[in-house]
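Undergrad: Take a look at the following structure, please.
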Amino acid sequence: MEIKTAIVGLGSVNRRLLNILAQKRERLARDYGVEFKIVLIADSSGVASNTEGFDPSAIVSAKASGRRAIDFDGALPGQTASDALCACACELVFEASPVNLKTGGPGLVVTRQALRQGISVVLANKGPIVVAYNELHKLANENHAGLKYSATVCGGLPVLNIGQRDFIAGDILKLRGVFNATSNFVLDQMTEAASYDDALAEAQRRGIAEADPSLDVEGWDSANKLLIIVNSIMQANISLDDITVTGISNITPDFLLSEKQKGNSIKLIARAENDQYSVSPVVLPSTDFLAQCQGWEMAVEMHTDIFGIHYYKLWEREPIPTAASMLRDAVHIFSAQPENNVVRKKK
Ligand SMILES: NC(=O)c1ccc[n+]([C@@H]2O[C@H](COP(=O)([O-])OP(=O)(O)OC[C@H]3O[C@@H](n4cnc5c(N)ncnc54)[C@H](OP(=O)(O)O)[C@@H]3O)[C@@H](O)[C@H]2O)c1
Numbered sequence: 006m007e008i009k010t011a012i013v014g015l016g017s018v019n020r021r022l023l024n025i026l027a028q029k030r031e032r033l034a035r036d037y038g039v040e041f042k043i044v045l046i047a048d049s050s051g052v053a054s055n056t057e058g059f060d061p062s063a064i065v066s067a068k069a070s071g072r073r074a075i076d077f078d079g080a081l082p083g084q085t086a087s088d089a090l091c092a093c094a095c096e097l098v099f100e101a102s103p104v105n106l107k108t109g110g111p112g113l114v115v116t117r118q119a120l121r122q123g124i125s126v127v128l129a130n131k132g133p134i135v136v137a138y139n140e141l142h143k144l145a146n147e148n149h150a151g152l153k154y155s156a157t158v159c160g161g162l163p164v165l166n167i168g169q170r171d172f173i174a175g176d177i178l179k180l181r182g183v184f185n186a187t188s189n190f191v192l193d194q195m196t197e198a199a200s201y202d203d204a205l206a207e208a209q210r211r212g213i214a215e216a217d218p219s220l221d222v223e224g225w226d227s228a229n230k231l232l233i234i235v236n237s238i239m240q241a242n243i244s245l246d247d248i249t250v251t252g253i254s255n256i257t258p259d260f261l262l263s264e265k266q267k268g269n270s271i272k273l274i275a276r277a278e279n280d281q282y283s284v285s286p287v288v289l290p291s292t293d294f295l296a297q298c299q300g301w302e303m304a305v306e307m308h309t310d311i312f313g314i315h316y317y318k319l320w321e322r323e324p325i326p327t328a329a330s331m332l333r334d335a336v337h338i339f340s341a342q343p344e345n346n347v348v349r350k351k352k
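Spelled out as structure tokens, the structure:
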């Protein structure tokens with residue numbers, strides 16, 4: 006099946022996705038019967054379209070050499086991705102533009118437009134889901150479009166997939182997680198006696214922190230991920246106002262060191278239990294699963310009624326697993342039950 010595809014955002018995540026699409030092209034066709042034909046690309050400069058399909062590797066090379074969407078053959082001057090979708094035969098949008106947690110940003114505009122047209126959307130960008138969770142699901146249902154966003158939480162960790170697909174008739178009674186690598190890194194560095202400011206500056210220098218790091222260290226990135234998770238897999242229907250959020254900016258190196266001497270760690274923990282939702286720094290014994298979540302790792306622990314207690318941890322240094330999750334979502338939309346249908350063949 007050929008899937009006419011739009012790529013909105015040509016930054017870190019979608020460039021990795023384009024590399025995967027090039028690298029796994031034959032595998033996707035052979036094992037899953039899907040071929041992604043890229044008919045539309047968009048970045049901050051604008052949009053270009055090509056009904057014959059852009060070469061994914063050529064897009065990555067062009068962006069690396071400083072070209073913008075508007076410099077490609079097929080550029081549509083003055084149009085946004087949302088405008089271009091109206092005039093384009095397209096079946097899928099991979100959306101990874103910058104997050105805007107107040108308005109949903111351009112990601113929400115293009116997601117709404119696509120779903121209204123019955124075009125499926127796969128998001129890495131949390132903004133649209135955080136701002137318009139119910140509206141987007143309603144639009145997707147009304148227009149028979151797929152809407153998936155497993156890459157918005159914990160990168161490549163399939164938290165939403167497990168919760169939605171595998172806990173058949175099961176309930177998650179309690180969920181705890183470490184969802185933000187910047188906070189984790191800052192706390193780790195401070196435990197080694199760095200000051201809060203120096204640790205945060207180092208996180209920014211290494212490119213882990215968001216452009217506005219307050220989202221990370223004040224707990225809002227974790228709160229947004231918690232919101233998406235509990236609304237998606239714990240039958241909650243909450244907004245950010247329902248989550249009590251405390252960040253790590255008041256934690257001192259002295260406190261971290263004294264807890265370390267007692268065999269404890271401090272982690273920024275997102276938690277859902279008994280309809281109570283919070284993000285806050287928590288003192289954990291070093292034997293706790295989440296205390297062992299270091300540096301680049303993200304982790305989640307799910308206590309269920311009939312499936313036992315699940316522990317998942319992921320190491321993700323650059324967003325290849327995030328991009329792979331977008332691919333996974335797309336394959337799930339376009340193959341009814343890929344895990345059952347696939348017979349992996351030898352090359
Ligand atoms: N990086 C991660 O580890 C990670 C993990 C999970 C989720 N996410 C989410 O994924 C999204 C993308 O992240 P990223 O790291 O790839 O960001 P990025 O490297 O900053 O890339 C953002 C891309 O969006 C483009 N863009 C800006 N305004 C646009 C508009 N109005 N319409 C279309 N495209 C526009 C930018 O264009 P230019 O190229 O012209 O600047 C750039 O190509 C974000 O929402 C982020 O929160 C990221």
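The sequence shown lines up with residues 6 to 352 when you count with the numbering used here. Here a beta-carbon is modelled for each residue, glycine too, at the ideal position from N, C-alpha and C. Bear in mind that the values here come from a model prediction, so they are computed numbers and not experimental data.
#1: Between the beta-carbon of Met331 and the beta-carbon of Leu45, is there less than 8 Å?
#2: By Cβ distance below 6 Å, which residues in the same chain neighbour Glu223 in space, the five residues on each side in sequence not counted?
#3: With respect to 7 Å, is the separation between the Cβ of Leu120 and the closest non-hydrogen atom of ligand 1 below this value?
#4: Is the beta carbon of Pro324 within less than 7 Å of some heavy atom of ligand 1?
#5: I'd like the span of the alpha helix (DSSP H) that includes Gly58, first residue to last.
#6: Identify whether Trp320 lies in helix, strand or coil by the three-state DSSP scheme.
#7: So, are the CB atoms of Leu128 and Gly151 less than 8 Å apart?
#8: I think Val336 touches Tyr154, with their Cβ atoms under 8 Å apart; what is that distance to the nearest whole Å?
#9: Who are the Cβ neighbours of Ala204 in its own chain at under 7 Å, not counting the five residues just before and after it?
#10: How is the beta strand (DSSP E) around Arg276 delimited, first residue to last?
#11: Flag Asn19 as yes when its Cβ comes closer than 7 Å to any non-hydrogen atom of ligand 1, and as no otherwise.
#12: Where does the unbroken beta strand (DSSP E) through Thr309 begin, and where does it stop?
#13: CB of Asn229 to nearest heavy atom of ligand 1: below 7 Å?
#14: With DSSP as the reference, label His315 as helix, strand or coil.
#15: Could you give the distance in angstroms between the alpha-carbon of Lys179 and the alpha-carbon of Met307?
#16: Label Asp334 either buried or exposed according to how many other C-beta atoms from any shown protein chain fall within 10 Å of its C-beta, with 16 as the threshold for buried.
#17: How big is the Cα-Cα spacing for Pro163 and Met6?
#18: Given a cut-off of 8 Å on the beta-carbon distance, is the pair Asp85 and Phe41 in contact?
#19: With DSSP run on the structure shown, which of helix, strand or coil describes Val39?
#20: As an exercise, report each continuous alpha helix (DSSP H) stretch of at least 4 residues that is fully enclosed by the segment 83-171, in chain order.
#21: Span of the alpha helix (DSSP H) holding Lys230?
#22: For Ser54 versus Ile75, is the C-beta spacing smaller than 8 Å?
#23: Take the Cβ of Tyr316 as the centre, count every other Cβ of all protein chains shown within 10 Å, and call the residue buried at 16 or more, exposed below.
#24: Would you check if the distance between the CB atom of Phe184 and the CB atom of Ala275 is smaller than 8 Å?
#25: By the three-class DSSP mapping on this structure, what secondary structure does Asp334 have?
#26: Pick helix, strand or coil for Gln266, following the three-state DSSP scheme.
#27: Can you give me the C-alpha to C-alpha distance between Ser227 and Val136, rounded to a whole angstrom?
#28: Hey, would you say the C-beta of Thr157 is under 7 Å away from at least one heavy atom of ligand 1?
#29: Looking at the structure shown, is Pro374 part of a helix, part of a strand, or coil, going by DSSP?
TA: Let's see:
#1: Here the question's residue 331 lines up with position 326 in the sequence shown. Here the question's residue 45 lines up with position 40 in the sequence shown. Not in contact: Met331 and Leu45 (Cβ atoms no closer than 8 Å).
#2: For the purposes of this step, residue 223 is identified with residue 218 of the sequence shown, where counting begins at 1. Gly252.
#3: The sequence position of residue 120 within the sequence shown is 115, counting from 1. No, the beta carbon of Leu120 sits no closer than 7 Å to any heavy atom of ligand 1.
#4: As a working mapping, residue 324 is identified with position 319 in the sequence shown. True, at least one ligand heavy atom lies under 7 Å from that Cβ.
#5: By 1-based counting over the sequence shown, the position of residue 58 is 53. Looking at the DSSP string, Gly58 is not in any alpha helix (DSSP H); the run it does join, the beta strand (DSSP E), is Gly51 to Phe59.
#6: Numbered from 1 along the sequence shown, position 315 holds the residue referred to as residue 320. Strand, per DSSP.
#7: Within the sequence shown, residue 128 is the residue found at index 123, counting from 1. Within the sequence shown, residue 151 is the residue found at index 146, counting from 1. By the CB criterion at 8 Å, Leu128 and Gly151 fall outside the cutoff.
#8: Locating residue 336 in the sequence shown gives position 331, counting from the first residue. Locating residue 154 in the sequence shown gives position 149, counting from the first residue. Contact between Val336 and Tyr154 is absent: CB atoms are separated by about 15 Å, not below the 8 Å threshold.
#9: Residue numbering aside, residue 204 sits at position 199 when the sequence shown is read from its first letter. Answer for Ala204: Val191, Gln194 and Met195, listed in chain order.
#10: Counted from its first residue, the sequence shown places residue 276 at position 271. Counting along the chain, the beta strand (DSSP E) containing Arg276 begins and ends at Asn269 to Glu278.
#11: Here residue 19 corresponds to residue number 14 of the sequence shown, with the count starting at 1. The answer is yes for Asn19.
#12: As a working note, residue 309 is residue 304 in the sequence shown. From DSSP, the beta strand (DSSP E) with Thr309 extends over Glu302 to Thr309.
#13: Numbered from 1 along the sequence shown, position 224 holds the residue referred to as residue 229. No, since every heavy atom of ligand 1 falls outside the 7 Å radius drawn around the Cβ of Asn229.
#14: If you number the sequence shown from 1, residue 315 lands on position 310. Strand, per DSSP.
#15: Here residue 179 refers to the residue found at position 174 when the sequence shown is read from its first residue. Here residue 307 refers to the residue found at position 302 when the sequence shown is read from its first residue. Taking the straight line from one Cα to the other gives about 6 Å.
#16: Position 329 of the sequence shown, counted from the first residue, corresponds to residue 334. Buried, by the Cβ-count rule.
#17: To locate residue 163, count along the sequence shown from 1; it is residue 158. To locate residue 6, count along the sequence shown from 1; it is residue 1. Between Pro163 and Met6, the C-alpha separation is close to 25 Å.
#18: Here residue 85 is taken as the residue at index 80 of the sequence shown, counted from 1. Here residue 41 is taken as the residue at index 36 of the sequence shown, counted from 1. First, the residue type needs correcting, since residue 85 is Thr and not Asp in the sequence shown. For Thr85 and Phe41, no; Cβs fall outside 8 Å.
#19: Walking along the sequence shown from the start, residue 39 turns up at place 34. Here Val39 sits in coil by DSSP.
#20: 86-91, 110-121 and 132-147
#21: By 1-based counting over the sequence shown, the position of residue 230 is 225. Trp225 to Ile238 is the extent of the alpha helix (DSSP H) around Lys230.
#22: The residue labelled residue 54 in the question sits at position 49 within the sequence shown. The residue labelled residue 75 in the question sits at position 70 within the sequence shown. No; because the gap between Cβ atoms is not below 8 Å, this pair is not in contact.
#23: Walking along the sequence shown from the start, residue 316 turns up at place 311. Exposed is the call here.
#24: As a position in the sequence shown, residue 184 is number 179, starting the count at 1. As a position in the sequence shown, residue 275 is number 270, starting the count at 1. In this structure, the beta-carbon distance from Phe184 to Ala275 falls below 8 Å.
#25: For the purposes of this step, residue 334 is identified with residue 329 of the sequence shown, where counting begins at 1. The answer is helix: DSSP assigns Asp334 an H, G or I state.
#26: Indexing the sequence shown from 1 puts residue 266 at position 261. In this structure, Gln266 counts as helix in the three-state DSSP scheme.
#27: Locating residue 227 in the sequence shown gives position 222, where the first residue counts as 1. Locating residue 136 in the sequence shown gives position 131, where the first residue counts as 1. If you take the alpha carbons of Ser227 and Val136, they lie about 15 Å apart.
#28: Position 152 of the sequence shown, counted from the start, is the residue given in the question as residue 157. Checking the Cβ of Thr157 against ligand 1 gives yes.
#29: Absent from the model: residue 374. The displayed extent of the chain is 6 to 352, so no value can be given.
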